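Novice:
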Amino acid sequence: MTQHRTSIMEECKIVAVNPNQKRYWVEFQLLDEQGEPVANMPYRAVNDATRCNHIEEYTGQSDASGVIRVEDLHRLDLTLFISAQPLADEMEQRKLRVSRDVNQSKVKAKAQQESYEYHYVRIGELCDKLPNITPAWKDKKNPPKYHFPDSAFSGFTVKKLDCRHVLEVCPFRAWSPWLKHTQEYNLVNAYNLSLMAILVYADNQKNEELITHGSVQDFFFTQLLDLKQLPNKVNSQYFPLVAHDVPFSQRYTRAEFIDTSKNRESRGDTQMFYASNQTEAIVAWRGTAGGADIASDANGVPVNTLDIIDLSGNVHNGFKNAFIATELNVTDSESYKAFSTALSGKKVYLCGHSLGGALALIHSAYIKTRMDFEILLYTYGMPRAFTHSITEKLTFPHYRHVNNRDTITSVPWPGLGRIYYTELIKLALKVSSPVLTTLDSSGVKPLDYSHHGHLVHFKSVDFQMYIKGRPATKSWVGQEIKLMLPLSLAGGVDNAKIHQDILELYQAEGQDNPTDFKVAPTDHSSTNYANYLYTRLTALICEKYSDQNNAWLQQRAKAESYKPFYGGEAAWHPLLVWDESLIKYQSTLLGTDDSYLMAEQRFMAQYYATAGSGLSKQDLDRDITESQQELLEQKQKYATTYNNTEKQVRTIYNSTNKVEVPVGEGKKLLDEISGDITSIESNISKLQGNI
1 MTQHRTSIME ECKIVAVNPN QKRYWVEFQL LDEQGEPVAN MPYRAVNDAT RCNHIEEYTG
61 QSDASGVIRV EDLHRLDLTL FISAQPLADE MEQRKLRVSR DVNQSKVKAK AQQESYEYHY
121 VRIGELCDKL PNITPAWKDK KNPPKYHFPD SAFSGFTVKK LDCRHVLEVC PFRAWSPWLK
181 HTQEYNLVNA YNLSLMAILV YADNQKNEEL ITHGSVQDFF FTQLLDLKQL PNKVNSQYFP
241 LVAHDVPFSQ RYTRAEFIDT SKNRESRGDT QMFYASNQTE AIVAWRGTAG GADIASDANG
301 VPVNTLDIID LSGNVHNGFK NAFIATELNV TDSESYKAFS TALSGKKVYL CGHSLGGALA
361 LIHSAYIKTR MDFEILLYTY GMPRAFTHSI TEKLTFPHYR HVNNRDTITS VPWPGLGRIY
421 YTELIKLALK VSSPVLTTLD SSGVKPLDYS HHGHLVHFKS VDFQMYIKGR PATKSWVGQE
481 IKLMLPLSLA GGVDNAKIHQ DILELYQAEG QDNPTDFKVA PTDHSSTNYA NYLYTRLTAL
541 ICEKYSDQNN AWLQQRAKAE SYKPFYGGEA AWHPLLVWDE SLIKYQSTLL GTDDSYLMAE
601 QRFMAQYYAT AGSGLSKQDL DRDITESQQE LLEQKQKYAT TYNNTEKQVR TIYNSTNKVE
661 VPVGEGKKLL DEISGDITSI ESNISKLQGN I
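The sequence shown begins at 1 in UniProt numbering and counts up by one.
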């Protein structure tokens with residue numbers, strides 16, 4: 001009998017080894033999520049005996065079936081290491097399975113069927129060190145958390161020998177929003193970019209709930225890198241992203257947030273972000289969110305555009321000032337240089353809601369006329385920004401969404417620009433009557449504010465549904481359905497008469513709002529836009545696969561069988577036919593390549609798993625925990641601030657008692673902290689109510 005000094009962490013222990021002692025074997029089989037072998041991977045395996053150099057390390061590489069067999073083992077725990085760089089390079093090229101639930105893994109099912117030991121591992125649990133990550137990962141001490149949960153690189157250790165361990169290795173991938181740079185209207189673009197238009201209402205590090213989950217940095221550098229589930233938190237809202245998996249080297253590596261209210265010069269109150277990977281970039285502008293934004297909205301004086309775009313005409317002065325506050329039009333500014341570098345050579349997607357839509361349009365016009373980027377613009381509930389003399393000259397693709405009767409889309413009033421200039425001329429210049437006659441001529445006028453882009457209208461219509469067995473006076477029940485009407489796809493209606501009826505309803509100049517447009521402020525919320533697009537996207541996918549269990553499709557089927565609530569079928573029926581014709585454009589509205597089809601399956605799997613809510617218990621638990629931690633920090637901040645704040649002694653009303661009360665700037669800060677505490681407590685109650 002011989003003695004081996006075995007060691008872990010440099011401390012050896014005495015282990016007696018009998019030369020006649022039984023020897024053991026073990027097999028590791030490396031498979032990806034598709035069940036394909038991970039072959040030719042250099043490995044080393046160690047145990048206590050090898051650590052004390054009594055025997056050599058076990059080395060080799062996985063065979064064509066991904067199998068590593070280690071023999072002649074003592075009954076000691078064995079730790080496997082795979083060479084980091086070959087493993088990372090290979091697993092970047094492997095793709096994810098559709099479901100992120102390991103219980104739905106075919107690899108797991110087969111391993112268990114064959115009585116093998118099964119393990120789901122990430123590359124960081126196998127690597128012997130951190131591989132070189134491209135583009136470079138700057139924080140070497142904190143590698144990507146999902147893929148490298150063990151920053152000590154301890155290897156994969158097994159106790160059970162004389163068996164095969166099947167290791168399903170997670171591909172070294174990242175999520176990327178599925179976007180298609182096309183001139184045609186795409187519903188996935190519309191939905192995903194509506195989420196970006198919500199995300200920009202969050203701040204860079206925290207969302208409106210004052211937690212990190214749902215902030216800009218969290219979305220691009222945590223959610224897009226976490227493969228446990230689809231990214232699904234934008235600001236304070238839960239919507240699953242339509243995402244495809246890409247090699248980790250093609251991840252989004254840059255996300256810059258601009259907030260002009262934080263500038264020392266206090267240049268307005270404009271917020272936007274831009275984010276990019278190797279091939280594409282997203283630019284999102286925030287809508288009205290504060291007093292300065294309201295002032296921008298109200299400052300509707302038309303001013304010349306030549307200092308921001310190379311076209312002659314006028315732009316809303318408040319919107320122009322909000323745009324130039326970012327200095328993204330100042331070619332020698334740091335903001336411009338960083339933006340230009342980040343987007344150079346990439347396909348650019350711009351978006352924005354409300355005021356953000358107007359700023360995104362102005363920015364698009366600037367990029368189109370002064371920069372050489374390929375752009376695509378989607379806006380939601382945006383006001384008019386340019387006069388007609390500009391909008392008729394802008395040729396880039398722009399899809400402008402209007403939710404039913406959204407009030408903001410009807411301002412500023414088109415004639416405001418013309419009236420401003422005609423009155424100015426009359427009062428100050430006193431020009432000849434022929435000039436005024438030209439300005440006041442019929443039709444759309446160059447000085448009128450007008451919308452740009454292809455209108456996509458979400459229109460609610462009412463219909464009557466007859467319920468048998470009710471008293472005669474209550475037999476007819478009012479129902480509602482909201483239809484999606486992309487003007488660019490009106491040609492899909494085959495019936496010539498119906499097509500003509502549609503054109504008459506949407507005959508406004510420059511694809512402006514419908515001719516019968518009325519206003520309703522409640523239709524303006526960015527969440528309303530995203531929620532309806534989510535409803536229609538999931539409904540179209542269900543219709544594509546003949547899944548009639550979708551609630552919206554069932555409601556439309558009811559509408560087909562009944563009549564309009566207040567009559568007017570001539571105006572109501574064509575819109576329903578138009579909506580029904582959209583299934584003809586599924587290859588345009590959705591996608592057709594393998595990358596999209598995988599993204600679609602994954603998106604719908606989450607839709608069914610969460611009953612359409614996009615919200616999981618894991619999300620709730622995380623947000624409650626983070627909110628409770630933030631609440632504790634805010635209360636501590638309040639106590640510290642209170643102790644350091646100047647106070648005055650005051651007499652209580654109708655009493656001789658005196659108290660110390662905070663005053664000055666400290667009092668203002670305490671009020672802000674108190675408001676944040678109230679907001680966080682309210683949010684915690686809301687989250688707990690969803691459990």
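Beta carbons are placed, not taken as given, at the ideal position from N, Cα and C, and that holds for glycine.
These numbers come from a predicted model, not from an experiment.
1) Per the DSSP calculation, residue 39 is bridged to which residue(s)?
2) Can you tell me whether DSSP reads residue 431 as helix, strand or coil?
3) Who are residue 557's beta bridge partners in DSSP?
4) What residues match up with residue 259 in a beta bridge as DSSP calls it?
5) Please check the pair residue 379 and residue 478, which I expect to be a contact at CB under 8 Å, by giving their CB distance rounded to whole angstroms.
6) Should residue 317 and residue 301 be called a contact, given that it needs their Cβ atoms to be closer than 8 Å?
7) Classify residue 536: buried if its beta carbon has 16 or more other beta carbons within 10 angstroms, exposed otherwise.
8) Mind the definition here: the region 396-414 touches the region 331-348 only if three or more C-beta pairs lie below 8 Å; say whether that holds.
9) Taking the alpha carbon of residue 598 as the point to measure from, which residue in 46, 219, 91 and 246 has its own alpha carbon closest?
10) Which residues mark the beginning and the end of the alpha helix (DSSP H) in which residue 452 is found?
11) Would you call the CB atoms of residue 205 and residue 212 closer than 8 Å?
12) Helix or strand or just coil, what does DSSP make of residue 79?
13) Go through the region 90-164 residue by residue and report every complete run of the alpha helix (DSSP H) that reaches 4 residues or more, in order.
14) At 4 residues or longer, what runs of the alpha helix (DSSP H) sit wholly inside the UniProt domain "Fungal lipase-type" (282-412)?
15) Distance, Cα to Cα, residue 726 vs residue 232?
16) Give the DSSP-derived three-state secondary structure of residue 600 in the structure shown.
17) What is the DSSP secondary structure of residue 425, counted as helix, strand or coil?
18) Take residue 263 as the anchor and find which of 51, 588, 500 and 326 has the nearest alpha-carbon.
19) Just to confirm before moving on: does the CB-CB distance between residue 628 and residue 684 stay below 8 Å?
20) Quick check on the burial criterion: 16 or more other C-beta atoms within 10 angstroms. Buried or exposed for residue 23?
21) Going by DSSP, name the residue or residues bridged to residue 44.
22) Tell me the DSSP secondary structure of residue 587 in three-state form.
23) Sorted by chain position, which residues of the same chain lie with C-beta nearer than 8 Å to residue 527's C-beta, five sequence neighbours on each side aside?
24) Rounded to whole angstroms, what is the Cα-Cα separation between residue 549 and residue 455?
25) Could you work out which residue in 122, 376 and 445 is closest to residue 96 when comparing CA atoms only?
26) Given a cut-off of 8 Å on the beta-carbon distance, is the pair residue 384 and residue 450 in contact?
27) Would you report the Cα separation of residue 269 and residue 200, rounded to the nearest angstrom?
28) Kindly indicate which three-state DSSP category residue 206 falls into: helix, strand or coil?
29) Three-state secondary structure (DSSP) at residue 68?
30) DSSP three-state call for residue 457: helix, strand or coil?
31) Which same chain residues end up closer than 6 Å to residue 66 when comparing Cβ atoms and leaving out the 5 residues on each side of it in sequence?
32) Less than 6 Å between C-beta atoms, sequence neighbours within five positions excluded: which residues of the same chain meet that for residue 230?
33) State the CB to CB distance for the pair residue 448 and residue 387, rounded to an integer number of angstroms; the pair is presumed to be in contact (CB under 8 Å).
34) Is the beta carbon of residue 389 sitting closer than 8 Å to the one on residue 313?
35) Determine the extent of the beta strand (DSSP E) in which residue 28 is found, giving its start and end residues.
36) Verify whether the separation of the beta carbon atoms of residue 42 and residue 83 is less than 8 Å.
Specialist: In brief:
1) Counted from its first residue, the sequence shown places residue 39 at position 39. Paired residue(s): none; residue 39 is not in a bridge.
2) Counting from 1 along the sequence shown, the entry for residue 431 is found at position 431. Per-residue confidence for residue 431 stands at a pLDDT of 43, beneath the threshold of 50, marking its modelled position as unreliable; no derived number is given.
3) Position 557 of the sequence shown holds residue 557. DSSP output for residue 557 lists no bridge partner at all.
4) To locate residue 259, count along the sequence shown from 1; it is residue 259. Answer by DSSP bridge pairing, in chain order: 271.
5) As a first step, residue 379 is located in the sequence shown; it is residue number 379 there, counting from the start. As a first step, residue 478 is located in the sequence shown; it is residue number 478 there, counting from the start. With a Cβ gap of about 32 Å, residue 379 and residue 478 do not count as contacting.
6) Position 317 of the sequence shown, counted from the start, is the residue given in the question as residue 317. Position 301 of the sequence shown, counted from the start, is the residue given in the question as residue 301. Their beta carbons are under 8 Å apart, which means residue 317 touches residue 301 by this criterion.
7) Sequence index remark: in the sequence shown, residue 536 carries index 536 (1-based). With 16 or more other Cβ atoms within 10 Å, it is buried.
8) no
9) Translated into the one-based positions of the sequence shown, residue 598 becomes position 598. That would be 246, whose Cα lies nearest to the Cα of residue 598.
10) Here the question's residue 452 lines up with position 452 in the sequence shown. Segment: none, residue 452 is in no alpha helix (DSSP H) and carries neither H nor E.
11) Numbered from its first residue, the sequence shown carries residue 205 at position 205. Numbered from its first residue, the sequence shown carries residue 212 at position 212. In this structure, residue 212 lies closer than 8 Å to residue 205 by Cβ.
12) Your numbering for residue 79 matches position 79 in the sequence shown. DSSP places residue 79 in strand when its eight states are reduced to three.
13) 106-113
14) 291-298, 317-324, 334-343, 355-370 and 388-391
15) Residue 726 is absent from the structure shown; the chain starts at 1 and stops at 691.
16) The count along the sequence shown starts at 1 and reaches residue 600 at position 600. If DSSP states are grouped into helix, strand and coil, residue 600 belongs with the helices.
17) Counting from 1 along the sequence shown, the entry for residue 425 is found at position 425. Confidence at residue 425 is low in this model, with a pLDDT of 47, below 50, so the placement of that residue should be treated as unreliable; the coordinate-derived value is given next. Looking at residue 425 - three-state DSSP - the assignment turns out to be helix.
18) Within the sequence shown, residue 263 is the residue found at index 263, counting from 1. Closest by alpha carbon: 326.
19) Within the sequence shown, residue 628 is the residue found at index 628, counting from 1. Within the sequence shown, residue 684 is the residue found at index 684, counting from 1. Yes, they are a contact pair.
20) Mapped onto the sequence shown, residue 23 falls at position 23. Classification for residue 23: exposed.
21) If you number the sequence shown from 1, residue 44 lands on position 44. Looking at the DSSP assignment, residue 44 forms a beta bridge with 59 and 81.
22) Taking the first residue of the sequence shown as position 1, residue 587 is located at position 587. Of the three classes helix, strand and coil, the one that applies to residue 587 here is helix, per DSSP.
23) What you label residue 527 is simply residue 527 of the sequence shown in a count that begins at 1. Excluding sequence neighbours, residue 527 sits near 198 and 237.
24) For the purposes of this step, residue 549 is identified with residue 549 of the sequence shown, where counting begins at 1. For the purposes of this step, residue 455 is identified with residue 455 of the sequence shown, where counting begins at 1. The alpha-carbon atoms of residue 549 and residue 455 are separated by roughly 30 Å.
25) The residue you call residue 96 lines up with position 96 of the sequence shown. Taking only the C-alpha atoms, the option nearest residue 96 is 122.
26) As a first step, residue 384 must be located in the sequence shown, where it is residue number 384. As a first step, residue 450 must be located in the sequence shown, where it is residue number 450. Yes, Cβ-Cβ distance for residue 384 and residue 450 is below 8 Å.
27) In the sequence shown, residue 269 corresponds to position 269, counting from 1. In the sequence shown, residue 200 corresponds to position 200, counting from 1. Computed Cα separation, rounded: 13 Å.
28) Here the question's residue 206 lines up with position 206 in the sequence shown. Residue state, collapsed to three classes: coil.
29) Here residue 68 refers to the residue found at position 68 of the sequence shown. It is a strand residue.
30) Reading the sequence shown from its first residue, position 457 is the one you call residue 457. Note: residue 457 maps to strand in three-state DSSP.
31) The sequence position of residue 66 within the sequence shown is 66, counting from 1. Cβ within range, chain order: 29, 30, 31, 37, 38 and 39.
32) Translated into positions along the sequence shown, residue 230 becomes position 230. Hits under 6 Å: 240, 241, 243 and 606.
33) Position 448 of the sequence shown, counted from the start, is the residue given in the question as residue 448. Position 387 of the sequence shown, counted from the start, is the residue given in the question as residue 387. 6 Å between Cβ atoms; contact.
34) In the sequence shown, counting from the first residue as 1, residue 389 sits at position 389. In the sequence shown, counting from the first residue as 1, residue 313 sits at position 313. For residue 389 and residue 313, yes; Cβs fall inside 8 Å.
35) Position 28 of the sequence shown, counted from the start, is the residue given in the question as residue 28. Note, residue 28: beta strand (DSSP E), 24-31.
36) Within the sequence shown, numbered from 1, the residue matching residue 42 stands at position 42. Within the sequence shown, numbered from 1, the residue matching residue 83 stands at position 83. In contact: residue 42 and residue 83 (Cβ atoms closer than 8 Å).
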